[in-house]
Structure formats: structure tokens, C-alpha cells
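Numbering that gives the first Met the number 0 applies: residue 0 is where the sequence shown begins, and numbers increase by one. A virtual CB, placed ideally from N, CA and C, is assigned to each residue, including glycine. These numbers come from a predicted model, not from an experiment.
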Amino acid sequence: MEGRILLEFCDVKEWCVESMWFRKTEKRKVTFSAGGNETEINFMLVGRRNRKYLRDVKTIPGELQHRLVVADLDKKKVKKCMRKGTVESRKVWKLKEEETRARFEELVSIDAMDLWNSFKKGVLKVCDEVCGRMKDRRDQGDMW
């Protein structure tokens, strides 16, 4: 069941499940070994567009039982396709000014409370619809 969910997730995200398409020795395929038992789970999730840059998927021995799964990419081609863009930043130094800081704190506190109240109401409404409500009978103590 878990494998099917992973494959559906990869299909939605347009990822490929890459494994041992590359030839290698049995030692390089094993990811876990203990007590004579060996497991081979060498999967790497790669975007379909980036699949062409993948050169190899292998394990690196190091620990006694678990081995690291590594993917080799063609560095020169990956570097060329990387996007170069601008990075936005906030002018937080303006908060040092008293007037700006006071206005910021006022707006944040109002927005935070409104956001919290709308979230709370939404969750409670859905809970009422799905689970229903009941009246709580509290213990009134002894009658006599």
C-alpha cells in the first residue's frame, strides 16, 4: 500500500523513481545487511526534467548495517540549467524607527488575533459537523 501511495505522489509531482538502471556489483546494490540478510532499496526520486542529468545511483559502504544511497549528477549540465533570478528581501531596518515599529506591532497584533479567531471558528465548525456535539452533564454533588 505504501509503495502505491509513493508512486501516486511521484506521478502528481512529475517525479521519476530511479534505481538500479545502472549496472553494478551486488555489493553496490545492498543498502542494509545484518545477520546474512541483505536488502536492496536503492531508489532516488528525481524530477522528470532533471532525469537526464542523472549519471548513477549507488550505495556507499561505511556503516556496518546501513549504507548511504547516493546519486551522481552531471555537474556541468546542471549548473547551466540553474535559474538566476533576483531575491526579494524585506526592509526590516525600518523597524528601528519608533513610528514604523508602533504601526507594525499594531497591525500584526490585529491580524494575528483575526487570523487565530477565524482558524478557531473554522476548526470548531468542521468538528461540529463531523463529530457532532453533546451536552456536558457535570456532577452536581449530593442531592441530600
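Out of curiosity, what's the CA-to-CA distance linking lysine 36 and phenylalanine 118?
It should be noted that the sequence gives asparagine, not lysine, for residue 36. One C-alpha to the other measures close to 50 Å.
Just how far apart, CA to CA, sit valine 162 and phenylalanine 31?
Because residue 162 is not part of the residues shown, which for the chain are 0 to 143, the question remains open.
Taking the continuous alpha helix (DSSP H) assigned at threonine 42, which residues delimit it?
Note that residue 42 corresponds to phenylalanine in the displayed sequence, not to threonine. Counted as a single uninterrupted DSSP element, the stretch harbouring phenylalanine 42 is not any alpha helix (DSSP H), since DSSP gives it neither H nor E.
Residues that isoleucine 59 bridges to, as DSSP identifies them:
Its beta-bridge partners are Leu67.
Just the C-alpha distance for lysine 120 and cysteine 130, rounded to the nearest angstrom, thanks.
Linking lysine 120 to cysteine 130 through their CA atoms gives a straight-line distance of about 15 Å.
Could you compute how far the alpha carbon of glutamate 25 sits from the alpha carbon of cysteine 15?
A direct Cα-Cα distance of roughly 23 Å separates glutamate 25 from cysteine 15.
Extent of the continuous alpha helix (DSSP H) to which valine 29 belongs
Segment: none, valine 29 is in no alpha helix (DSSP H) and carries neither H nor E.
With 16 other CB atoms within 10 Å as the buried threshold, where does lysine 57 fall?
Its Cβ being crowded by 16 or more others within 10 Å, lysine 57 is buried.
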